[in-house]
Amino acid sequence: MSCSTLNSYLPKLWTPPRSRSRPPRTAITKVFAQPPILAVLSDPHVLRLAETLEDSIASTSSAFPPPPLQKLRDISSQSLLSTPWPSRKDEPFRFTDTSFIKNSDVQPVNPLSTQSLSSLGVLAEALLPSLAIIDGYLVDSLSELPELPDGVFVGALSRLNSEDIMERVSKYVSSFQGDLFWSLNGVGAPDVIVVYVPEGCKVESPLHLRFFSLNGTDKDSKTLPISNPRVLVLVEKGGEISIVEEYKGGDRNDVCYWTNSVMEIVLGDGAKVSHSYIQEQSFGAAHVKWTSVCQECTSIYELTEVSTGGKLSRHNVHVQQVGPDTVTELSTFHLAIGDQLQDLHSKLVLDHPRGFSRQLHKCIVAHSLGQAVFDGNVQVNREAQQTDAGQLTRSLLLEPRATVNVKPNLQIIADDVKCSHGAAISDLEENQLFYFRARGIDIEAARKALIFSFAAEVVERFPDSAVRKRVESLIRRLLDPSLPSREKE
Amino acid sequence: MALFTPSFSFKISASSSPRRCRFVKARRSFTLRAAVAVESPSFSSADRDGAPKLLLEVKDLSAVIAESKQPILKGVNLTVHEGEVHAVMGKNGSGKSTFAKVLVGHPDYEITGGSITYKGQDLLEMEPEERALAGLFMSFQSPVEIPGVSNIDFLNMAYNARRRKLGLPELGPIEFYGYVAPKLEIVNMKIDFLNRNVNEGFSGGERKRNEILQLAVLGAELSILDEIDSGLDVDALRDVAKAVNGLLTPNNSVLMITHYLRLLEFIKPTYIHIMENGRIVKTGDISIAEILEREGYKAISNT
């Protein structure tokens, strides 16, 4: 942002920006009145965006949010004051250009328009129990929660009646600090969806969280509707749950919107969370996602991800070990079949002994303007002796000029550990192609089978067979050139 | 093209004695012609009166490694008729495996001269998949692993490619399972073999068995077996050889590539060719094998 634009925003910082009829002020406005030095460090663009989000929240949701939500908003707006919009000069965004979002006119989605859309036929294919979150708002009429085990709570924080759970949520909500997008979500989230599993409780059926973005604009429009869904999953000691988190756009595959989503997962001692994550947003969308996981001792966290949508898609995964003997398995597959950017930034911090982790990241870039980014950081700190950490990334570039930037990095301080990592970037193996052809299979069919098999290694790790089948057919559909693809746009 | 029908396993059990007689006869009648065939490839394929048809004719074939342009084949001549079993032997680096790969169109090699005629067609003009569909099958010496593709899917794709070529309806996974499951007995493998990924984590023996399973499922008029004996213990070798023998009919032919004589004890060749420095330097019947046995390749190359 140039100096003149910066200056044009400055006066605004000094004017009380709201009318008196508004609900009580929140942190952002308070801090606006602080000494000029802070304001100068702030990024006016970020402040303006934060303010837009805050205005929208103030006008649409309860004037008295539950304390944890208020706390989240306070912390988030505080941190936005000193967080600039990331540029390519910032290491975490070195390969990821976010100017598409920055140059758009970001507008929060009005929940009323969302509710009227809720009659649209988006219900298909839900597992049970399921929650539908449309444009960031939980829609009850499209959610189905049959009998959950005793003590399990699934729903909006604002409707949580249990004081005990409220207290636990309070402790963990935003216990971690992410980047700009994390904080923007904290300011803009209309509510927090809470998934609470009490001690020793094993929830049998997978919980399906379906996020739809139905308010989109045409790609020539400068306006970008934003939604900020936020989920907190809290699994107490010995509890178990399986979560399927799915993102989709509406019927059209080229509309523009921005989903800025955050999920925090807290695992108590010996708890287990199996997390399936499927991102098939519109090819015009921006999708920024945070998954922050906190693992107590002997807990098990398994993530299986397939991301295929979005013009700009970024998944930040942060796993923090807070006790010994944890198990962490991350299996991810990214596919860019068009002019898309698929980015995974993962960070696994091991601070305790005998942690076990396995990470497999695969991506396919099948378009000359497509780009994949992977930054996989594993930190094995001093106390994390006898850690067994493995990381492997494989990328398949199928078109000339298709790009992948991979940065696997291990930081090992402990001295008694077993760590491995590997990175490979290739086209399809000639030998494998020939093997198919030598058996009479034509080269196109062989290529398709090999490309699909590359993804299958991750897809087959989805624990739920219905999810597995659906993702398989999604990938087949996207890779089949006979069907309409992004080329036409 | 001959396509093996599900009644196939019957043929194995009914195998040896009657067929073997046919073989011995065949061998006798060809002994003389073989020598002629190799040295004068213009030998015609008169096929009336039940005389065997010409299947493959290789003339003065030369080939280089595509990348380095290093010459490997330097004028190979070979003629195969229907129903014949040929063995190509030779030392390491003599060009045997290259010859096998060139026949099926492996992209690592470039043809620099000569011709290959298969069933009257110019084989060099055909893509590898067209060659396969025309009934040419090579078992790979060390078949590649294909993670993420199950054996049964792979076989189903290949089988359906054949069915399409023949204008037959394709088989769905369930029908195909019914067709393929009995074939596993031929190679003495359990049913879960089908669900494993192609060659992934297979032992040497399993890989060879898998190649022969593919042959049994797909069928072939000319099977090129590239060192199916390497890396096998005696039991596995016997299984594989038995499977190959079971697949032989009076009409289909085999070209075996091998270092060792022991394979020839199991699969009896009509002719043996000795390859050296990119050429076939000697052709004869099983008696060559006996000379090799006694005196090694040296004795052959000196003659």
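Heads up: the protein sequence lines correspond to chains U and R, in order.
Residue numbers for the first sequence, in the working numbering: 1051 to 1539.
Residue numbers for the second sequence, in the working numbering: 2 to 304.
Just so you know, even glycine gets a beta-carbon here, dropped at the ideal spot from N, CA and C.
At a beta-carbon threshold of 7 Å, the residues of chain U lying near Arg-163 of chain R are Gly-1490, ordered along the chain.
Rounded to the nearest whole angstrom, the C-alpha separation of Ile-1243 of chain U and Leu-1198 of chain U is 16 Å. It is roughly 41 Å from the alpha-carbon of Gly-84 of chain R to the alpha-carbon of Asp-1477 of chain U. Shown in chain order are the members of the region 102-113 of chain R whose Cβ falls below 7 Å from a Cβ of chain U: Val-105, His-107, Pro-108.
Given a length threshold of 3 residues, each whole run of the beta strand (DSSP E) inside the region 1301-1370 of chain U is given here in chain order: 1308-1317, 1322-1330, 1336-1345, 1350-1357.
The three-state secondary structure of Asn-1459 of chain U, taken from DSSP, is strand. Tyr-1297 of chain U is outside the set of residues whose beta carbon lies under 9 Å from a beta carbon in chain R. For Gly-1334 of chain U and Asn-1278 of chain U, the gap between their C-alpha atoms comes out near 17 Å.
Assignment of alpha helix (DSSP H) within the region 1419-1506 of chain U, counting only whole runs of 4 or more residues, yields 1480-1487 in chain order. Cβ-Cβ distances below 8 Å link Ala-1499 of chain U to Phe-1486, Ile-1491 in the same chain, with the five nearest sequence neighbours on each side left out; the list follows chain order. Looking at the DSSP output, Ala-64 of chain R bridges to R:Leu-74, R:Ile-112. In the pairwise beta carbon analysis, the region 1180-1197 of chain U is classified as touching the region 1254-1263 of chain U: at least three pairs are separated by under 8 Å. DSSP places Pro-1118 of chain U inside the alpha helix (DSSP H), whose first and last residues are 1117-1130. Bounds of any alpha helix (DSSP H) do not take in Asp-1393 of chain U; it lies within the beta strand (DSSP E) bounded by 1391-1400. Residue environment for Phe-1114 of chain U: exposed (fewer than 16 other C-beta atoms within 10 angstroms of its C-beta).
Between Cys-1344 of chain U and Ser-1503 of chain U, the gap from beta carbon to beta carbon reaches 9 Å or more. Counting along the chain, the unbroken alpha helix (DSSP H) around Gly-1236 of chain U starts and ends at 1230-1238. Within the same chain, Cβ atoms closer than 6 Å to the Cβ of Arg-208 of chain R are found at Pro-144, Asn-200, the five residues on either side in sequence being excluded. Its Cα nearest to that of Pro-1450 of chain U, the residue U:Leu-1419 stands out among U:Leu-1419, U:Gly-1472, U:Ser-1149, U:Arg-1444. Proximity of Gln-215 of chain R to chain U, defined by a Cβ-Cβ separation below 9 Å, is satisfied.
The beta carbon of Asp-193 of chain R sits no closer than 9 Å to any beta carbon of chain U. With respect to the C-alpha of Arg-163 of chain R, the residue from R:Ile-187, R:Asn-189, R:Ala-135 having the closest C-alpha is R:Ala-135.
No Cβ of chain R is located within less than 9 Å of the beta carbon of Ile-1525 of chain U.
Under DSSP, Leu-216 of chain R shares a beta bridge with no residue. Annotation: Cβ neighbours of Met-139 of chain R in chain U (cutoff 7 Å, chain order): Ala-1488.
Residue state for Arg-1209 of chain U is assigned as helix, using DSSP reduced to three classes. Taking 9 Å as the cut-off, the Cβ atoms of Gly-1360 of chain U and Ser-1332 of chain U count as close. Proximity to Lys-1457 of chain U across U:Gly-1288, U:Leu-1097, U:Phe-1143, U:Glu-1104 peaks at U:Phe-1143, based on C-alpha coordinates.
Note on Val-235 of chain R: under 16 other CB atoms within 10 angstroms of its CB, so exposed under the neighbour-count rule. Shown here for Asp-1514 of chain U: same chain residues with a beta carbon closer than 8 Å to its own, the five before and five after excluded, namely Leu-1177, Pro-1256, Ser-1292, Val-1294, Ser-1326 in chain order.
Where Lys-1412 of chain U is concerned, the enclosing beta strand (DSSP E) starts and stops at 1406-1415. The beta-carbon separation of Tyr-1351 of chain U and Leu-1317 of chain U, rounded to 6 Å, stays under the 8 Å limit for a contact.
The region 1118-1132 of chain U makes contact with the region 1210-1227 of chain U, as at least three CB pairs between them are under 8 Å. Per DSSP, the unbroken beta strand (DSSP E) holding Ile-1184 of chain U starts and ends at 1180-1184. Residue pairing from DSSP places Tyr-1187 of chain U in a beta bridge opposite U:Ile-1184. Chain-order list of chain R residues neighbouring Ala-1506 of chain U: Gly-149, by C-beta distance under 7 Å.
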